[in-house]
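Take a look at the structure below.
Residue numbers (our numbering): 9 to 214.
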């Protein structure tokens, strides 16, 4: 194994160990929150909604959205918090002085965000089975879009961490960009139910 590959894997391992050390803050809360979403919106409110025009029950419709919601937030929060705290406490110098290329540094940080996002995604999926057992029609496409989404928002997290100069600036991304994108992206309702201008805007929502 080359030194650079060993360094890359070590950085990736450090990122995973960092969020696993506080799993009660990073993994379990979104799983519990998703259970509340599914219970309140899926069972309580959803039982009163007979038809949403997509051929599924309301609970079946929101399960993928809730899973993706937490995939996005988990991936974004991991890389943004890790990189920003490293900058804030100035121990990012240890990484910058290591014999890793910038690409390898990015990949190492990215690995932590992707692993956390996928773990949360899997946890929410398992919880959803208690509310509504669902099958996976296209597992290959599911894997592709899940990993791609996690990578994209992990990258957004790193961009936010490099841009922010304080914790308030870091939270701006979550409050004004990530949250509106997820809630207006068809998580809790088909975009066909939105007013026409918002429907067109939603088509550009990744």
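Quick reminder that beta carbons are idealized off the backbone N, C-alpha and C, glycines included.
Remember, it's a predicted structure, so these values are computed and weren't measured experimentally.
**Where residue 140 falls: helix, strand or coil (DSSP)** = coil
**Prompt:** Within 10 angstroms of its Cβ, does residue 40 collect 16 or more other Cβ (buried), or is it exposed?
**Reply:** exposed
**Prompt:** What distance in whole Å lies between the Cβ atoms of residue 127 and residue 183, which are believed to be in contact at a cut-off of 8 Å?
**Reply:** Going by Cβ atoms, the distance from residue 183 to residue 127 rounds to 24 Å, so no, they are not a contact pair.
**Asked** When the Cα atoms are used, what is the spatial distance from residue 24 to residue 124?
**Response** 7 Å
**Request:** Return the chain-ordered list of same chain residues with a C-beta closer than 7 Å to the C-beta of residue 189, the five sequence neighbours on each side being excluded.
**Result:** 213
**Prompt:** What residue does the alpha helix (DSSP H) around residue 168 start on, and which one ends it?
**Reply:** 147-171
**Message:** Once the 5 residues before and after residue 57 are set aside, which same chain residues still bring their CB inside 6 Å of it?
**Reply:** 66
**Request:** Select from 168, 206, 139 the residue whose C-alpha is nearest the C-alpha of residue 48.
**Result:** 139
**Prompt:** Three or more C-beta pairs closer than 8 Å, one from the segment 107-116 and one from the segment 63-81: is that the case here?
**Reply:** no
**Chain-order list of residues whose beta-carbon lies under 8 Å from that of residue 142 (same chain, five-residue window excluded)** = 68, 71, 136
**Message:** Runs of 4 residues minimum, wholly inside the segment 22-71: which ones carry the alpha helix (DSSP H) assignment?
**Reply:** 31-34, 36-45
**Request:** Rounded to whole angstroms, what's the CA-CA distance from residue 98 to residue 91? Just pull it up for me.
**Result:** 10 Å
**Asked** CB residue 82 to CB residue 38, shorter than 8 Å?
**Response** yes
**Prompt:** How about residue 192 and residue 210: are their beta carbons less than 8 Å apart?
**Reply:** yes
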